[in-house]
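Beneath this line is the structure, given in structure tokens, with notes to follow.
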Ligand code: G
Ligand code: G
Ligand code: NA
């Protein structure tokens with residue numbers, strides 16, 4: 584298809600960039616990490632990953648693109664750590680299920696960590712909730728091996744996937760990320776606040792860190808802090824941007 588051919592060209596012409604959105608520790612107000620988000624600067628202008636990632640998944644090009652994002656993100660953060668960034672800085676990289684279940688994903692990950700010099704404890708892989716449902720056995724055993732390396736796992740967009748509470752206990756993970764739709768409505772809608780509050784207590788029961796996504800106002804941040812949410816990201820704190828434009 585047309586988009587597949589354009590994506591192949593985009594890989595050759597190196598039109599992809601990685602932007603980073605800050606993740607804030609709500610207790611200290613400090614930037615504790617970042618989420619890597621791919622951007623495509625195509626000849627037709629910037630194209631959203633919401634558009635091209637599904638096409639890349641369908642065509643299989645996600646394997647190449649995902650490998651590139653992981654390597655590039657690890658390299659950029661490894662450079663910052665060498666330049667004196669806090670040693671507990673935590674970079675989150677999104678991985679598609681198709682990418683994660685390829686037979687040599689683990690070997691690729693190990694190779695990228697070695698070649699970029701990023702310490703494994705500085706890396707978190709973000710997988711979506713729905714990824715746990717499809718291929719759950721392969722994913723569960725991979726998660727185990729990845730965590731033995733010291734790399735962390737985050738469950739992304741939590742609350743929007745297939746009902747997941749029944750099988751969450753089969754997986755070991757380190758972070759839950761509440762989907763931004765709940766946070767967007769939380770202050771106006773008592774049900775949304777109840778859902779956010781329930782996910783926060785669940786995370787604390789699981790002893791995993793909770794990240795609130797899509798925080799756009801100070802009021803939302805304050806409410807999340809009161810409810811016990813540890814970390815947040817969102818336009819109120821910072822938009823995704825190239826690392827060069829981050830404050831030192
Ligand atoms: O950055 P933005 O909000 O436009 O991203 C839209 C969607 O694309 C989000 O769901 C996000 O998880 C996904 N996405 C962004 N970057 C990557 C990436 O590097 N790999 C994968 N698999 N998905 C990504
Ligand atoms: O896959 P994930 O849900 O982590 O993707 C995050 C997406 O949300 C990215 O496309 C990012 O650009 C977008 N995003 C990040 N912060 C905000 C925000 O405060 N408001 C809105 N509407 N979108 C955001
Ligand atoms: Na994500």
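In the UniProt record's numbering, the protein residues as written are 584 to 831.
Yeah, the Cβ is synthetic: ideal placement off N, Cα and C, and Gly gets one too.
These numbers were taken from a predicted model, which means no experiment stands behind them.
- In this structure the segment 651-664 does not lie against the segment 622-637, because fewer than three pairs of beta carbons, one per stretch, are closer than 8 Å.
- For residue 750, there is no enclosing beta strand (DSSP E); the enclosing alpha helix (DSSP H) has its first and last residue at 748-751.
- Taking 6 Å as the cut-off, the C-beta of residue 758 does not count as close to any heavy atom of ligand 2.
- The criterion of a C-beta distance shorter than 7 Å is not satisfied by residue 742 and residue 757.
- One Cα belongs to residue 629, the other to residue 590, and the distance between them is close to 13 Å.
- DSSP places residue 625 within a strand segment (E or B) once states are collapsed to three.
- Remark: C-beta atoms of residue 638 and residue 586 approach each other more closely than 7 Å.
- Only exposed fits residue 631, as fewer than 16 other CB atoms lie within 10 angstroms of its CB.
- The residue among 797, 776, 775 with its C-alpha nearest the C-alpha of residue 760 is 797.
- Only residues of its own chain outside the window of five on either side were considered, and among them 657, 658, 661 have a CB closer than 6 Å to the CB of residue 699, listed in chain order.
- With the rule of 3 Cβ pairs closer than 8 Å, the segment 726-734 counts as touching the segment 704-716.
- Residue 755 and residue 765 do not touch by the CB rule: their CB atoms are close to 24 Å apart, not below 8 Å.
- Relative to the non-hydrogen atoms of ligand 1, the Cβ of residue 706 never comes closer than 6 Å to any of them.
- Ligand 2 has a heavy atom closer than 6 Å to the beta-carbon of residue 818.
- A direct Cα-Cα distance of roughly 14 Å separates residue 814 from residue 799.
- Residue environment: residue 804 is assigned as buried (16 or more neighbouring CB atoms within 10 Å of its CB, all protein chains considered).
- By the beta-carbon neighbour count (other beta carbons within 10 angstroms, threshold 16), residue 771 is exposed.
- The shortest C-alpha to C-alpha distance from residue 682 to any of 674, 644, 740, 675 is the one to 644.
- For residue 677, the pairing in a beta bridge is given by DSSP as 709.
- Here residue 588 is exposed, its C-beta having fewer than 16 other C-beta atoms within 10 Å.
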